[in-house]
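J.:
Here's what the structure looks like:
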(Lines of atoms letter the chains of each structure in order from A and count residues from 1; the text may use other names and numbers.)
(Lines give C-alpha, C1' and ligand atoms only; values in the text may rest on other atoms or scores of the structure.)
Protein backbone atom coordinates (compact mmCIF):
# COMPACT_ATOMS: atom_id res chain seq x y z
CA UNK A 1 0.00 0.00 0.00
CA UNK A 2 2.94 2.35 0.57
CA UNK A 3 3.75 2.57 -3.13
CA UNK A 4 0.19 3.50 -4.01
CA UNK A 5 0.15 6.17 -1.33
CA UNK A 6 3.45 7.56 -2.62
CA UNK A 7 2.16 7.74 -6.19
CA UNK A 8 -1.06 9.45 -5.11
CA UNK A 9 0.83 11.97 -2.99
CA UNK A 10 3.27 12.75 -5.83
CA UNK A 11 0.40 13.20 -8.27
CA UNK A 12 -1.48 15.52 -5.93
CA UNK A 13 1.49 17.56 -4.79
CA UNK A 14 3.07 18.09 -8.21
CA UNK A 15 -0.11 18.04 -10.34
CA UNK A 16 1.22 15.29 -12.60
CA UNK A 17 0.12 11.79 -13.56
CA UNK A 18 2.45 8.90 -12.82
CA UNK A 19 1.78 6.17 -15.41
CA UNK A 20 1.65 3.00 -13.32
CA UNK A 21 2.55 0.88 -16.34
CA UNK A 22 5.89 2.70 -16.50
CA UNK A 23 6.51 2.64 -12.76
CA UNK A 24 9.39 0.23 -12.21
CA UNK A 25 10.98 -0.47 -8.84
CA UNK A 26 14.46 0.02 -10.26
CA UNK A 27 13.46 3.39 -11.69
CA UNK A 28 12.13 4.68 -8.35
CA UNK A 29 14.20 2.85 -5.71
CA UNK A 30 16.10 5.90 -4.38
CA UNK A 31 15.12 9.44 -3.46
CA UNK A 32 17.29 10.83 -6.27
CA UNK A 33 15.58 8.61 -8.83
CA UNK A 34 12.17 9.71 -7.57
CA UNK A 35 13.19 13.36 -8.00
CA UNK A 36 14.48 12.62 -11.50
CA UNK A 37 11.24 10.82 -12.39
CA UNK A 38 9.09 13.68 -11.10
CA UNK A 39 11.18 16.20 -13.04
CA UNK A 40 10.82 14.17 -16.23
CA UNK A 41 7.05 13.92 -15.78
CA UNK A 42 6.76 17.65 -15.14
CA UNK A 43 8.69 18.42 -18.33
CA UNK A 44 6.73 15.96 -20.47
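Numbering (the UniProt record's numbering), first residue to last: 1 to 44. Here a beta-carbon is modelled for each residue, glycine too, at the ideal position from N, C-alpha and C.
Helix, strand or coil: which one does DSSP assign to residue 26?
T.: helix
J.: According to DSSP, simplified to helix, strand and coil, what is residue 13?
T.: helix
J.: Roughly how many whole angstroms lie between the Cα atoms of residue 4 and residue 10?
T.: 10 Å
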